[in-house]
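There are 2 protein chains.
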Amino acid sequence: MDFKSFSKQLETIAAITITPFDSKTKEINWEGVRENINFLVNNGVKVIVPCGNTSEFYALTLDEAKEEIKRTVEIVNGRALVVAGIGYSLKTAIELGKYAEEVGADCVMIHQPIHPFVTNEGVLSYYQQIIDAVNIPSIVYWKDPSLSDDVLKQLAHCERIVGVKYAINDLPRFAKLVQEVPNHHNITWICGTAEKWAPFFYFAGAKGFTSGLINVAPQKSFDMLHALQNNDQFKVWEVWRETLRFENLRAKYNNGNNVVVVKEAMAQIGLKSGVTREPVNPLSEEDRRQVIEILKMWDLQKLKR
Amino acid sequence: MDFKSFSKQLETIAAITITPFDSKTKEINWEGVRENINFLVNNGVKVIVPCGNTSEFYALTLDEAKEEIKRTVEIVNGRALVVAGIGYSLKTAIELGKYAEEVGADCVMIHQPIHPFVTNEGVLSYYQQIIDAVNIPSIVYWKDPSLSDDVLKQLAHCERIVGVKYAINDLPRFAKLVQEVPNHHNITWICGTAEKWAPFFYFAGAKGFTSGLINVAPQKSFDMLHALQNNDQFKVWEVWRETLRFENLRAKYNNGNNVVVVKEAMAQIGLKSGVTREPVNPLSEEDRRQVIEILKMWDLQKLKR
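Just so you know, the sequences run in chain order A and B.
Counted the way the working numbering counts, the first sequence spans residues 43 to 347.
Counted the way the working numbering counts, the second sequence spans residues 43 to 347.
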C-alpha cells in the first residue's frame, strides 16, 4: 500500500458519525445509521469515522462497536474512506482493529487509552503494538496534555501511521511538533477539535479536521475547509463565526452537550438521530431553543438531501 | 439483606489488589493472584477489591476482568468481603455486575464512567440503573470534580448503596456532602485517595479508605486505621510520614508510577507481582532504588508472611 498517498486523502474533513439510539429502548437504530451515512456521502464527505467520541463509542458494548464498524463499511460501500475508532485495553484494541481490517475498514483511529495511569514509554508501546498488529493504516488520537509529543515523533517513523488527530488546543506546542516531524513521513495532521479550532490548526499545519457539525450542516464544514485551502480569510472567519455558537453550545456543561446538540439539530432537519445513552443527559429546553435558532440562522430548513 | 450492617463492614481498609502479569507474556499469573490475596487475608484484610485502578482494570479484557473476579471470590472463600470493580458502558457494567453477583462477589464498586461527555443527570441515571440491575450492594466510585455531589445525595436514597469511594481531594466539599446526607442512609464514606489523604478524610467523616500500599505493607495501613479509630494523633502522623514518601513516589509522572511502585515493592519482599501492562512504563532505575530505600526504612525484610 502507498501510505503516503493514503495519508493525502485525509487532508479533508473526517466526519465523526453519531450513533442513533431509539428513544424508548436506547438500542441502535440501524436504519438511522444508514440514512445518516448516506446523507454524509451524498453531501461529499470523503472520510467517515464510526466509533469516535461523538459516536458515543464508550456507551457501546464491544459487540455494538464491531457491528457499527461492519455496517458502516457496508453502507459506505467504497464511496468514502471508513476510519474505525478502536480502543480500550491493548488486547481489546487489537481485537477491534483486526475486526475492522477483516470487515473492510480502510483505516483505524486509535483512541487515547482510558487507563488512569499512562506514561510516555507505556503509551508509545501501546500505540506501537496496535499499529504493528493491524494491517490497515492507523491514525493516533492524541488528547492528553500531560504526555510528551516525543511519543508522536517516535511513532512518526512507522510508515503505517497516516495521521494524528491532535486534540490539545495548545497551538505553539502543535506547531513545534509539526515542524519537528520530517515531511517525508506519512502523517497528515488533523485538528481534533473541529471547526472552532480548525483555522488555527490549519495555519499551524493541520490539513484536515474532524467534525461532528458535519452531520448536520456539511456545507458549513466544507465552506470552512475550502476557504482554508484557498486562503480566503474573509470566508474562513465568516464560517467560523457562523459555527461558533453551535460549537460553544456543544461545549456547555463541560462538553456534556457535545453529542446531544448534534442529535437535536439532526432531528430538527429530519435526520434520524435519536437520543443519547447514559452518562449523557437529554438537552435542556433552553438549549433546544438555541439549536432551533441556530438552524434558522443557517437557513437549514431549505437543506436539500 | 441488612444493608446497614453490610455498610458498617466497609469501615476498614479496602485493599485494591494488583494484577500480576508475567514478565514475558504479560498474561495474568493466577498463582500470583492466589499468593497475593492469601497474603492480604492472612494479614487481616477484610475487604478485597479486584478490578480497581491499581488492579490495572483498564488494561484487562472483559473476559480477564470476569476471571479475576471469579478467582478472587474462590481464593478469598468467605474470609473477607470481595468488592468487584465494574465499569465501561452501561450495558457492559451491568453485565459485569451480574457476573460478579453470579460468581459470589459480595458487592460491586462502580467505576466512574470513562465516557468523555458526562452530565449530572446522565451519570445519575448510569449509576442508578446499574445499582437497580445488580442484586448485591454497590459502592460508587466518585472522582470527577466537574460533576455535582447532588448526584450522590440523590443516589443515597437507594438502600443498596453501601459506600461511596470519594476520590476528589477537596476536603471542604467532601465534609459538606457528608453532613448533608442523612445518617439513616446506608453509606459508608471511603477515602479514595489512600493513606496520604486518609487522615483528613477520616476527620471529615470517611471511616474507611482504599489502599494499594496494603499489598506491600498491611501493617502500616492498619496502624493508620487503628490510630485514626483510637484518635491517636501522634501515631496517625507518624504512620502518615512513613507512608508519604511511598505514596508520593507512586504519584510521580502524573500517577504513571502508581502501580509499578507497588509491584516493585511487592517483588522486593518476595511476592509475585510481575510487570505492568501498557500504557504504563516499567519503573526507572532511580525510582527502583527509592523503593528499596523505603522498604529498608520500613524494615520490611523482616516481614512475616
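Built from N, CA and C at the ideal position, the CB exists for glycine as well.
Query	Result
Which of helix, strand or coil DSSP assigns to Ile70(A)	strand
Residues that DSSP places opposite Phe63(B) in a beta bridge	Ile70(B), Val317(B)
Exposure of Gly120(B), with buried meaning 16 or more beta-carbon neighbours within 10 Å	exposed
Cβ-based contacts, 7 Å cut-off: residues of the segment 208-237 of chain A near chain B	none
Touching by the beta-carbon criterion (3+ pairs, under 8 Å), the segment 282-294 of chain A and the segment 251-265 of chain A	yes
Of the listed residues Glu280(A), Lys46(A), Ile232(A), Glu327(A), nearest to Val303(A) (C-alpha basis)	Glu327(A)
Endpoints, beta strand (DSSP E) assigned at Phe251(B)	250-253
Proximity to Leu194(A) [Cα-Cα], best of Asp212(A), Trp231(A), Asn211(A)	Trp231(A)
Leu189(A) and Val165(A) closer than 8 Å at C-beta	yes
Asn300(B) at chain A interface by Cβ criterion, 8 Å	yes
Cα-Cα separation, Ser167(B) to Glu320(A)	7 Å
Per-residue burial, Glu335(A) [other beta carbons within 10 Å of its own, 16 or more giving buried]	exposed
Opposing strand residues paired with Lys207(B) [DSSP bridges]	Tyr183(B), Ile232(B)
Every unbroken alpha helix (DSSP H) within the segment 276-331 of chain B, with a cutoff of 4 residues, ordered by chain	300-310
Min CB distance Glu21(B) to chain A below 8 Å	The requested residue 21(B) is not part of the displayed model; chain B covers only 43 to 347.
Buried versus exposed call for Lys207(A) [16 or more other C-beta atoms within 10 Å across all chains shown]	buried
Residue range of the alpha helix (DSSP H) that includes Ile172(B)	162-175
Inter-residue Cα distance where the pair is Trp310(A) and Val301(A)	In the sequence on display, residue 310(A) carries Gln and not Trp. Cα to Cα, Gln310(A) sits roughly 14 Å from Val301(A).
C-alpha gap between Arg331(B) and Pro324(B), whole angstroms	13 Å
Chain A residues whose Cβ lies nearer than 7 Å to that of Arg319(B)	Leu132
Test: Val91(A) CB closer than 8 Å to a CB of chain B	no
Three or more C-beta pairs below 8 Å linking the segment 61-76 of chain A and the segment 262-278 of chain A	no
Spatial distance of Phe216(B) from Val160(A) (CA atoms)	27 Å
Contact set between Leu102(A) and chain B, taken where Cβ atoms lie within less than 7 Å	Ser131
Closer than 7 Å at the beta carbon, the chain A residues around Tyr141(B)	Within 7 Å Cβ-Cβ: nothing; Tyr141(B) doesn't reach chain A, min ~14 Å.
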